[in-house]
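Throughout, my numbering is defined as the position within the sequence shown, counted from one, plus 110.
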Amino acid sequence: MSPVPVDAVPVDDLGERVDVPAVVRRVVSLVPSLTESVAATAPGLLVGATDWCSRPADLAVTRVRGTKNPDIAAIVALAPDVVCANAEENRQPDLDALRAAGLAVWVTAPTTVPAALRSLDRLLCLACRLPRPSWLETAERVWAAPSDGPRRRAVVPIWRRPWMALGRDTFAGDLLARLGVDNALAGADERYPRVDLDTLPAHDLVVLPDEPYAFSPSDGPEAFVAPAVCVSGRLLTWYGPSLVEARAELSTALAAAPRP
């Protein structure tokens, strides 16, 4: 994948031009995976992040509440050069409020692994004015080869009470497909449909991430007939430095799941 030209117009994933300064010194991130991406590339550049931004573990910045209820006044007071956001994680009214306050807001919206790699390249190089990091080049190499093993068909719950699962056009669904696991609900009308466990389409595997719902070996597998495997939500749903290790670690976890 060719790096973004240094003189490219700063346009985010939604096609919106974002007027970021030539030198970026202060960044607020409203997305945990983007927080990790910026921190891994330029320690010290972040001045604010959400309460859910858990990586790196020693991140010492101002916390600005959650992804769905950010403290707009606190973000404005931090005077960031750019705010990093995501079309799915963050609410449009909040992003509009930040723009109305005069802040540059960069929105990501990838739904595939290749799109995520391109999005990260543009976020870091154009929005944050950083050199292309080596971890991103490594992630591209890791995900370059297609899966060549036997395929499985999985249901991927993301919540219970009510039960919800991965549907169409999701980053996590595309990532699993590249590991040889096809989403049984990829044809759903919604990206995250509610599901009835008694009427699920045919599948031979259940993949249970530990976020957004904290599925675990004692909370989730018992509800299904098919073999279930618990995996890291960070490795399955985050795009950033986690992509370097995600392929190997998820492949190992998925391979350990028994076949019916």
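For glycine and all other residues, C-beta sits at the position ideal for the given N, C-alpha and C.
Residue i to residue j, Cα distance in whole Å?
{"i": "Arg239", "j": "Asp122", "result": "13 Å"}
{"i": "Leu124", "j": "Arg232", "result": "12 Å"}
{"i": "Leu364", "j": "Val339", "result": "7 Å"}
{"i": "Tyr302", "j": "Pro319", "result": "14 Å"}
{"i": "Glu332", "j": "Ala189", "result": "49 Å"}
{"i": "Val148", "j": "Pro166", "result": "10 Å"}
{"i": "Pro131", "j": "Asp191", "result": "7 Å"}
{"i": "Asp211", "j": "Ala275", "result": "Residue identity differs from the one stated: residue 211 is Ala in this sequence, not Asp. For Ala211 and Ala275, the distance between alpha carbons rounds to 36 Å."}
{"i": "Gln202", "j": "Gly259", "result": "41 Å"}
{"i": "Thr347", "j": "Ala358", "result": "15 Å"}
{"i": "Trp273", "j": "Val305", "result": "6 Å"}
{"i": "Glu250", "j": "Leu227", "result": "7 Å"}
{"i": "Ile185", "j": "Arg175", "result": "10 Å"}
{"i": "Asn196", "j": "Ala118", "result": "21 Å"}
{"i": "Ala312", "j": "Ala324", "result": "25 Å"}
{"i": "Ser342", "j": "Ile268", "result": "12 Å"}
{"i": "Glu355", "j": "Glu146", "result": "14 Å"}
{"i": "Trp396", "j": "Ala287", "result": "The requested residue 396 is not part of the displayed model; the chain covers only 111 to 370."}
In or out: residue i buried (at least 16 other Cβ within 10 Å) or exposed?
{"i": "Gly277", "result": "buried"}
{"i": "Thr371", "result": "Any answer about residue 371 is impossible in this case: the structure gives the chain only from 111 up to 370."}
{"i": "Ser244", "result": "exposed"}
{"i": "Gly350", "result": "buried"}
{"i": "Pro327", "result": "exposed"}
{"i": "Pro241", "result": "exposed"}
{"i": "Gly297", "result": "exposed"}
{"i": "Pro180", "result": "buried"}
{"i": "Val215", "result": "buried"}
{"i": "Asp204", "result": "buried"}
{"i": "Thr177", "result": "buried"}
{"i": "Ala366", "result": "exposed"}
{"i": "Thr218", "result": "buried"}
{"i": "Val134", "result": "buried"}
Hey, would you say residue i sits closer than 9 Å to residue j, going by beta carbons?
{"i": "Val137", "j": "Leu155", "result": "yes"}
{"i": "Leu169", "j": "Val193", "result": "no"}
{"i": "Leu295", "j": "Val223", "result": "no"}
{"i": "Pro368", "j": "Phe281", "result": "no"}
{"i": "Val316", "j": "Asn293", "result": "no"}
{"i": "Arg270", "j": "Asp314", "result": "no"}
{"i": "Thr151", "j": "Leu234", "result": "yes"}
{"i": "Leu360", "j": "Leu289", "result": "yes"}
{"i": "Asn200", "j": "Val141", "result": "yes"}
{"i": "Pro139", "j": "Arg344", "result": "It should be pointed out that residue 139 corresponds to Ser in this sequence rather than to Pro. Contact flag unset, no."}
{"i": "Ala237", "j": "Pro120", "result": "yes"}
Using a Cβ-Cβ distance cut-off of 9 Å, determine whether residue i contacts chain C.
{"i": "Val215", "result": "Judged by its chain identifiers, the structure shown contains no chain C, having just a single protein chain."}
Three or more C-beta pairs under 8 Å: does that hold for the region 155-172 against the region 251-258?
no
Those runs of the beta strand (DSSP E) which lie wholly inside the region 146-201 and span at least 3 residues
156-159, 192-196
Would you mind listing the alpha helix (DSSP H) stretches within the region 295-337 that are 4+ residues and don't spill past its ends, in chain order?
none
Which ranges does the beta strand (DSSP E) cover as unbroken runs of at least 3 residues, wholly within the region 120-149, from first to last along the chain?
137-139
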